[in-house]
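A.B. asks: Residues 512 to 808 in my numbering are what the sequence shown lists, from first letter to last.
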Amino acid sequence: MIDEKEFYLRFDQVLPGTSFAVDGFEVDVYFERLSMSGLEEMHRYSIDERLYEYFEFAPFETIQETKAYLEKLLKRMSNENGERSSMYWFVRRKTDGYLIGTAGLTNLNWARSSIEWGYGIDPERWGQGYIMQIQEILKQYIFEVLQLNRLHGMTMAENGRTISSVLLSGMQHEGTLRQFFCKNGIFHDAWQYGMLSQDYFSAKKTTRLRSRYTLGDVIAVVSSVLEEEVDEESAMCNAFSWDSLSHMAIMVAISEKMGISLSPAETMCATSVKAIAEMIVKKTDKRIDAITLKSAV
């Protein structure tokens with residue numbers, strides 16, 4: 512663990528993703544320190560109602576509202592007693608600098624070596640793998656650059672998309688706060704989750720599994736999540752209910768039922784029954800039995 516002075520120096524000056532390197536995982540986004548220069552770009556997606564489904568506040572209607580919110584975040588980033596407790600960044604696409612969204616680390620507790628994360632992206636860019644990239648960049652930044660011990664977050668208990676994505680990223684459910692949120696006069700439970708440094712580094716170690724699974728096992732797992740008939744040709748592009756949300760649920764089910772965790776890079780590629788099976792083959796010492804429709808006839 513680095514000393515306090517070095518920690519705050521890194522927190523203030525080092526951008527997440529600067530030294531990002533994960534085998535087999537490519538990122539096409541970069542982080543940029545939050546500033547008023549991105550106001551108009553941020554406002555573009557800040558008026559989209561989809562972004563606020565699980566937020567307690569209403570969508571912004573005017574650029575003045577977006578400006579006030581941005582100013583609030585910038586104020587939070589200002590040093591308090593010489594120690595910064597929050598940091599926010601714009602997340603941009605590498606190819607053209609397009610503003611995808613924002614990410615932030617808040618509620619820093621140096622004594623407890625813990626921090627909370629949050630992020631939000633343009634709904635037009637949902638389902639394109641950007642959330643997973645943001646999560647991986649932040650995890651490496653928190654545990655390797657800042658060398659903190661604990662990362663945590665929370666969301667409304669009804670937010671299945673976020674819950675699936677954080678479970679897939681290796682987070683653990685740590686409890687439920689009853690009626691914690693209040694939106695439009697209606698109370699909602701808060702779903703808490705977290706990750707420890709030891710969880711993060713343990714997950715980075717490559718483990719070779721020795722279980723034997725058939726293609727039929729993969730089909731059964733995918734079918735149970737999608738609740739529709741699935742065969743070996745089923746894929747995200749042709750299965751009606753296989754969208755970005757259900758895809759994350761499938762990956763979680765594969766991990767829970769088969770004890771096989773796919774990396775972010777593998778998850779992004781495993782968009783068909785065959786692709787999932789191939790990924791499992793690569794992670795096991797024994798190949799999956801080749802059960803095909805042809806052999807079944």
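By construction, the Cβ of each residue, glycine as well, lies at the ideal position given by its N, Cα and C atoms.
Check for me: the alpha helix (DSSP H) holding Gly705 runs from which residue to which?
C.D. replies: Taken as a continuous stretch (DSSP letters only), Gly705 belongs to no alpha helix (DSSP H), being part of the beta strand (DSSP E) at 697–707.
A.B. asks: Is the beta carbon of Tyr630 less than 9 Å from the beta carbon of Gly640?
C.D. replies: Cβ distance not < 9 Å, so Tyr630 and Gly640 don't count as in contact.
A.B. asks: Indicate whether the contact test is met: 3 or more Cβ pairs, each with one atom in the segment 654–671 and one in the segment 559–575, closer than 8 Å.
C.D. replies: Yes, since at least three Cβ pairs between the segment 654–671 and the segment 559–575 fall closer than 8 Å, the two stretches touch.
A.B. asks: Count the other C-beta atoms from every protein chain shown that fall within 10 angstroms of the C-beta of His809, then say buried if there are 16 or more, exposed otherwise.
C.D. replies: Outside the displayed span of the chain (512 to 808) sits residue 809, for which this structure offers no information.
A.B. asks: Is it the case that the Cβ atoms of Leu773 and Trp753 are separated by a distance below 9 Å?
C.D. replies: The answer is no: Cβ separation not under 9 Å.
A.B. asks: Which value, in whole angstroms, describes the spacing of the CA atoms of Val602 and Val741?
C.D. replies: Computed Cα separation, rounded: 36 Å.
A.B. asks: Following the continuous beta strand (DSSP E) through Glu627, name the residue where it begins and the one where it ends.
C.D. replies: Element bounds for Glu627: 625–632.
A.B. asks: Cα-Cα, which of Pro570, Asn695, Ser708, Lys578 is closest to Arg623?
C.D. replies: Nearest C-alpha to Arg623: Ser708.
A.B. asks: Which first and last residues belong to the beta strand (DSSP E) in which Phe542 is found?
C.D. replies: Segment 540–544, the beta strand (DSSP E) holding Phe542.
A.B. asks: Taking DSSP as the reference, what is the three-state secondary structure of Leu688?
C.D. replies: It is a strand residue.
A.B. asks: Applying the 10 Å Cβ sphere with the 16-neighbour rule, what's the burial state of Gln857?
C.D. replies: The structure shown does not extend to residue 857, since the chain is modelled only from 512 to 808, so the question has no answer here.
A.B. asks: I'd like the span of the beta strand (DSSP E) that includes Met665, first residue to last.
C.D. replies: 661–667 is the extent of the beta strand (DSSP E) around Met665.
A.B. asks: For the candidate residues Ile626, Ser589, Ser745, Glu627, whose alpha-carbon lies nearest to that of Leu545?
C.D. replies: Cα-wise, what sits closest to Leu545 is Ser589.
A.B. asks: I need the DSSP call for Cys780, collapsed to helix, strand or coil.
C.D. replies: Three-state DSSP puts Cys780 in a helix.
A.B. asks: With distance defined between alpha-carbon atoms, name the residue in Tyr704, Gly528, Pro634 nearest to Thr687.
C.D. replies: Thr687 has its Cα closest to that of Tyr704, out of Tyr704, Gly528, Pro634.
A.B. asks: Taking the beta carbon of Thr606 as the centre, do at least 16 other beta carbons fall within 10 Å, making it buried, or is it exposed?
C.D. replies: Its Cβ having fewer than 16 others within 10 Å, Thr606 is exposed.
A.B. asks: Within 10 Å of its beta-carbon, does Arg689 have 16 or more other beta-carbons around it, so buried, or fewer, so exposed?
C.D. replies: Exposed is the call here.
A.B. asks: With DSSP collapsed to three states, give me the class of Met769.
C.D. replies: Helix, per DSSP.
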